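Note that my numbering has the sequence shown beginning at 347, numbered continuously upward.
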Amino acid sequence: VVDKNDFEKIEIMKDKWPFLALRKRIRRLLATISFICYKITSSKSFEYLTLTVILMNTVTLMFEDPLAEEQSQALQSLDVFFLVAYTIEMFLKIFALGFFF
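Structure representation (structure tokens):
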């Protein structure tokens, strides 16, 4: 017995509720987005990029002074960059693997 993939399950989906064709299109779109995100997050390039961002963040943390009143503008900009990079990584992985994987 071979399990069907998400696209095959969508094609054979039938029920009594209205707007079945629209719901199938939406599910097909979500399955496509999930598939693309999975391909991105499972690639070696994405893994290396993520490790590079983590290492860069580690280096910038070495330069921060926790006792300073304010950070320099460059460190603040890098903090925003790392926040955006980690947020993008999070959303890609959630879309690829689901919230509970």
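Virtual Cβ for every residue (Gly too), placed ideally from N, Cα, C.
Remember, predicted model here, so these are calculated numbers, not experimental data.
Among the options, the one whose alpha carbon lies nearest that of residue i
i	options	result
THR398	THR378, PHE428 and ASP411	PHE428
ALA431	LYS360, ASN403 and LEU407	ASN403
ARG374	GLN417, LEU413 and ASN351	ASN351
LEU395	ASP349, ILE434, LEU413 and PHE353	ILE434
Buried/exposed call for residue i, threshold 16 Cβ in 10 Å
i	result
LEU366	exposed
LEU424	buried
Distance between residue j and residue i (C-alpha atoms, nearest Å)
i	j	result
ALA442	THR387	7 angstroms
PHE381	GLY444	11 angstroms
TRP363	VAL405	55 angstroms
ASP411	LEU421	10 angstroms
ILE400	ARG369	39 angstroms
LYS360	TYR384	27 angstroms
GLN417	LEU438	30 angstroms
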